[in-house]
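Participant: Structure incoming, see below.
Number of protein chains: 4
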Amino acid sequence: MFFHIDPHDGLAIYDQIVRQVKFAVASGVLKTGELIPSVRELARELTINPNTVARAYRQLQDDRVLDAVRGTGLEVAGGACERCRGERLKLIRARLRQVLAEAQQSRLETRELRELVEKELSAVEREGTRI
Amino acid sequence: MFFHIDPHDGLAIYDQIVRQVKFAVASGVLKTGELIPSVRELARELTINPNTVARAYRQLQDDRVLDAVRGTGLEVAGGACERCRGERLKLIRARLRQVLAEAQQSRLETRELRELVEKELSAVEREGTRI
Amino acid sequence: MFFHIDPHDGLAIYDQIVRQVKFAVASGVLKTGELIPSVRELARELTINPNTVARAYRQLQDDRVLDAVRGTGLEVAGGACERCRGERLKLIRARLRQVLAEAQQSRLETRELRELVEKELSAVEREGTRI
Amino acid sequence: MFFHIDPHDGLAIYDQIVRQVKFAVASGVLKTGELIPSVRELARELTINPNTVARAYRQLQDDRVLDAVRGTGLEVAGGACERCRGERLKLIRARLRQVLAEAQQSRLETRELRELVEKELSAVEREGTRI
DNA sequence: GTGGTCTAGACCACC
DNA sequence: GTGGTCTAGACCACG
Numbered sequence: 233m234f235f236h237i238d239p240h241d242g243l244a245i246y247d248q249i250v251r252q253v254k255f256a257v258a259s260g261v262l263k264t265g266e267l268i269p270s271v272r273e274l275a276r277e278l279t280i281n282p283n284t285v286a287r288a289y290r291q292l293q294d295d296r297v298l299d300a301v302r303g304t305g306l307e308v309a310g311g312a313c314e315r316c317r318g319e320r321l322k323l324i325r326a327r328l329r330q331v332l333a334e335a336q337q338s339r340l341e342t343r344e345l346r347e348l349v350e351k352e353l354s355a356v357e358r359e360g361t362r363i
Numbered sequence: 233m234f235f236h237i238d239p240h241d242g243l244a245i246y247d248q249i250v251r252q253v254k255f256a257v258a259s260g261v262l263k264t265g266e267l268i269p270s271v272r273e274l275a276r277e278l279t280i281n282p283n284t285v286a287r288a289y290r291q292l293q294d295d296r297v298l299d300a301v302r303g304t305g306l307e308v309a310g311g312a313c314e315r316c317r318g319e320r321l322k323l324i325r326a327r328l329r330q331v332l333a334e335a336q337q338s339r340l341e342t343r344e345l346r347e348l349v350e351k352e353l354s355a356v357e358r359e360g361t362r363i
Numbered sequence: 233m234f235f236h237i238d239p240h241d242g243l244a245i246y247d248q249i250v251r252q253v254k255f256a257v258a259s260g261v262l263k264t265g266e267l268i269p270s271v272r273e274l275a276r277e278l279t280i281n282p283n284t285v286a287r288a289y290r291q292l293q294d295d296r297v298l299d300a301v302r303g304t305g306l307e308v309a310g311g312a313c314e315r316c317r318g319e320r321l322k323l324i325r326a327r328l329r330q331v332l333a334e335a336q337q338s339r340l341e342t343r344e345l346r347e348l349v350e351k352e353l354s355a356v357e358r359e360g361t362r363i
Numbered sequence: 233m234f235f236h237i238d239p240h241d242g243l244a245i246y247d248q249i250v251r252q253v254k255f256a257v258a259s260g261v262l263k264t265g266e267l268i269p270s271v272r273e274l275a276r277e278l279t280i281n282p283n284t285v286a287r288a289y290r291q292l293q294d295d296r297v298l299d300a301v302r303g304t305g306l307e308v309a310g311g312a313c314e315r316c317r318g319e320r321l322k323l324i325r326a327r328l329r330q331v332l333a334e335a336q337q338s339r340l341e342t343r344e345l346r347e348l349v350e351k352e353l354s355a356v357e358r359e360g361t362r363i
């Protein structure tokens, strides 16, 4: 599957799952009506506890990204793509803002900051869709 | 003082203090031998628990950024400026990398990502050292 | 058929079927000796899983509301009407009591509660046996 | 405290807690800024698992009824009273509607239904704030 | 002491 | 098989 968990990310595991599912839906990798991996399957795959996956999935249902189909599984909800696309920028922007604010506050000169960002951006571009 | 705590940053409060002290030392705002605010004073100022400040100060001593002066308080350690200056970029780069990686992984197009970064960078520049 | 399933009722689907069959028997819509829809037929009609229907029918046999007729299907058992009629009020009263108790406990004023009940009762009357 | 859990209510335990907290806030029994019982305390009192209480409290935070105060506990959020007061009627009405609809559908005559409701309402009134 | 997160494993209803 | 709920108990950060 397309998920990747980093226990040292700082973000809670369930939150990483939530974000990645939203991103997958936003980008069209997961489409409305499509079944997502079952709680147990994803837990096995990521070698984390099923409860952690379940918690992420529960929140995704609260956020109207997933719909439960009794006895069958969870599918991407109608209109989820639009909702997630809007949220994607918001989620990323929020984290980006934090980092830039901290950099600014560290009295890193704007010029240095720009250079740093540019370097990392290029690195990321070169690596492509790493995961 | 020049510290600013955001309880919703995601970063632990004590970690925010640690980073900000290091940044202040790196940028020369705090100089070797200079006394930093007492635990109680900073706690009062930031309206957080003294234990939290104490914990941050403890780690800063472990990191050889601060030195205890018996009966007086904590002062910036010798050579701390150089150590912090080296660490500053590392700390910021690490967080920046996470965010950009997530953005990349979310299949945000490189062009969109660049635009977003540019917009936020400009915003930060305009606002200056507001925080 | 006269059944109506609401997956979001809170009540288990099989339980909704059990109750509705009992109600139908109590009201004389289903009479002793009459054949009820087959598991597959009802499952198709309600677009639910045959296992769920089978489970409901199994319980109805346990409750002596239905009788299996080898090679034919399930028919309404003798004396089922009387048994169901007695149970009908009990089933409804139990649920009603729960709701009113919760309303009372929520410190909704008795006057408000009465108004609410009256409004909903009137609404139900107007709509008739719509469902 | 003012909570009462019935394991046979049909509603999940965590949901009973959520509803009762909302009701308490709506009725002014819990006021903005007031600390609610800690997770462990309420769990002990109701002899249920702390995780169950935590889950209820988490949802109440999602619903902006509670606010976390780091290291201190959970307090009633600002504006929660208004939000809960609006929701209270909605929650009760939803359950009431289900029951009345079922009663109606059971072909209970409207007259009988009215009598039943009236009897139960009076009973509830007599008992007063039972819990 | 507080809540937040995670693991482990159970039972249930439904498909 | 599926998700939903609950229990039990661990560790962490914060006050």
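Residue numbers (the numbering used here), protein chains in the order written: chain A, 233 to 363; chain B, 233 to 363; chain C, 233 to 363; chain D, 233 to 363.
Even glycine gets a Cβ: it sits at the ideal position worked out from N, Cα and C.
These numbers come from a predicted model, not from an experiment.
Below 7 Å on C-beta distance, what does R212/A contact in chain C?
Facilitator: Because residue 212/A is not part of the residues shown, which for chain A are 233 to 363, the question remains open.
Participant: Would you mind reading off the limits of the alpha helix (DSSP H) that contains A300/C?
Facilitator: From DSSP, A300/C is part of no alpha helix (DSSP H) but of the beta strand (DSSP E) over L298 to V301.
Participant: Return the CA-CA distance between A288/A and D247/A, expressed in angstroms with no decimal places.
Facilitator: Going by the C-alpha atoms only, they are around 7 Å apart.
Participant: Work out the CA separation of V297/C and K263/C for me, nearest whole Å.
Facilitator: Approximately 11 Å, taken between the alpha carbons.
Participant: So, with DSSP's three-state summary, where would you put G318/C?
Facilitator: If DSSP states are grouped into helix, strand and coil, G318/C belongs with the helices.
Participant: Would you list the residues sitting across from L306/A in a DSSP beta bridge?
Facilitator: BP columns for L306/A point to A300/A.
Participant: With 9 Å as the C-beta to C-beta threshold (strictly closer), list the residues of the segment 308 to 338 of chain C near chain D in chain order.
Facilitator: Listed in sequence order: R320, L321, L323, I324, R325, R327, L328, R329, Q330, V331, L332, A333, E334, A335, Q336, Q337 and S338.
Participant: Against chain A, does R358/B count as a neighbour if the rule is that its beta carbon must be under 8 Å from one of theirs?
Facilitator: Closer than 8 Å: no.
Participant: Considering only C-alpha positions, which residue in the set A256/B, K254/B and R290/B is nearest to V271/B?
Facilitator: When only C-alpha atoms are compared, the closest one is R290/B.
Participant: Would you say the segment 316 to 332 of chain A touches the segment 345 to 358 of chain B, given that touching needs at least three Cβ pairs under 8 Å?
Facilitator: Taking 8 Å as the limit for Cβ pairs, the verdict is that the segment 345 to 358 of chain B does touch the segment 316 to 332 of chain A.
Participant: Run through the DSSP bridge pairs and tell me what L267/A is partnered with.
Facilitator: E307/A.
Participant: Take the Cβ of E314/B as the centre, count every other Cβ of all protein chains shown within 10 Å, and call the residue buried at 16 or more, exposed below.
Facilitator: That one is exposed.
Participant: Going along chain B, which residues have a C-beta under 8 Å from R346/A?
Facilitator: Per Cβ cutoff of 8 Å: L353.
Participant: Give the residues from the segment 256 to 277 of chain D that approach chain C closer than 9 Å (Cβ to any Cβ), ordered along the chain.
Facilitator: Correct list: A256, A258, S259, G260 and V261.
Participant: Starting from L256/C, trace the alpha helix (DSSP H) in both directions and tell me its first and last residue.
Facilitator: It should be pointed out that residue 256/C corresponds to Ala in this sequence rather than to Leu. Segment I245 to A258, the alpha helix (DSSP H) holding A256/C.
Participant: Roughly how many whole angstroms lie between the Cα atoms of R276/B and Q337/B?
Facilitator: Roughly 42 Å between the two C-alpha positions.
Participant: Shortest alpha-carbon distance to F235/D belongs to which of A244/D, A256/D and R302/D?
Facilitator: Cα-wise, what sits closest to F235/D is A256/D.
Participant: Put I324/A into one of helix, strand or coil per three-state DSSP.
Facilitator: Reduced to three states, the DSSP call for I324/A is helix.
Participant: Starting from the Cα of E273/B, find the closest Cα among G265/B, E266/B, V261/B and A286/B and give me that residue.
Facilitator: Among G265/B, E266/B, V261/B and A286/B, the Cα nearest to that of E273/B is on A286/B.
Participant: Could you pull the start and end residues of the alpha helix (DSSP H) that S354/A belongs to?
Facilitator: Taken as a continuous stretch (DSSP letters only), the alpha helix (DSSP H) holding S354/A covers T342 to E359.
Participant: Could you give the first and the last residue of the continuous alpha helix (DSSP H) run that contains L262/A?
Facilitator: L262/A -> no alpha helix (DSSP H), and no H or E assigned at all.
Participant: When we look at the beta-carbon of L267/C and count the other beta-carbons within 10 Å, is it buried (16 or more) or exposed?
Facilitator: With fewer than 16 other Cβ atoms within 10 Å, it is exposed.
Participant: Distance cutoff 8 Å, beta carbons only. Does L340/D sit that close to anything in chain C?
Facilitator: So, interface residue.
Participant: Mark R358/D as exposed unless 16 or more other C-beta atoms lie within 10 angstroms of its C-beta, in which case mark it buried.
Facilitator: R358/D is exposed by the Cβ-count criterion.
Participant: Using the C-alpha atoms, what's the distance from R339/D back to I324/D?
Facilitator: Rounded to whole angstroms, I324/D to R339/D spans 23 Å at the Cα level.
Participant: Could you tell me the boundaries of the alpha helix (DSSP H) in which D217/B lies?
Facilitator: The requested residue 217/B does not occur in the structure, where chain B is confined to residues 233 to 363.
Participant: Can you list the residues of chain B that V349/A reaches, using a CB-CB cut of under 7 Å?
Facilitator: Result: L328, V349 and L353.
Participant: Measure the alpha-carbon distance for G260/C versus I280/C and round it to whole angstroms.
Facilitator: Cα to Cα, G260/C sits roughly 26 Å from I280/C.
Participant: Select from R343/C, E344/C, K254/C and P269/C the residue whose C-alpha is nearest the C-alpha of T304/C.
Facilitator: Out of R343/C, E344/C, K254/C and P269/C, P269/C has the C-alpha closest to the C-alpha of T304/C.
Participant: On the premise that L321/C lies in contact with A348/D, defined as a C-beta separation below 8 Å, what is that separation, rounded to the nearest angstrom?
Facilitator: The sequence given here places Leu at residue 348/D; Ala does not occur at that position. Right, their Cβ atoms sit about 7 Å apart.
Participant: Would you please verify whether the beta carbon of P282/B is less than 8 Å from any beta carbon of chain D?
Facilitator: Taking Cβ atoms only, chain D never reaches closer than 8 Å to P282/B, which makes this a no.
Participant: Using the rule of at least 16 other Cβ atoms within 10 Å of the residue's Cβ for burial, across every protein chain shown, is T342/B buried or exposed?
Facilitator: Under this definition T342/B is an exposed residue.
Participant: For V356/A, count the other beta carbons within 10 Å of its own beta carbon; 16 or more makes it buried, fewer makes it exposed. Which is it?
Facilitator: Answer is buried; the Cβ neighbour count reaches 16.
Participant: What is the rounded straight-line gap between the Cα of I245/C and the Cα of R251/A?
Facilitator: The alpha-carbon atoms of I245/C and R251/A are separated by roughly 33 Å.
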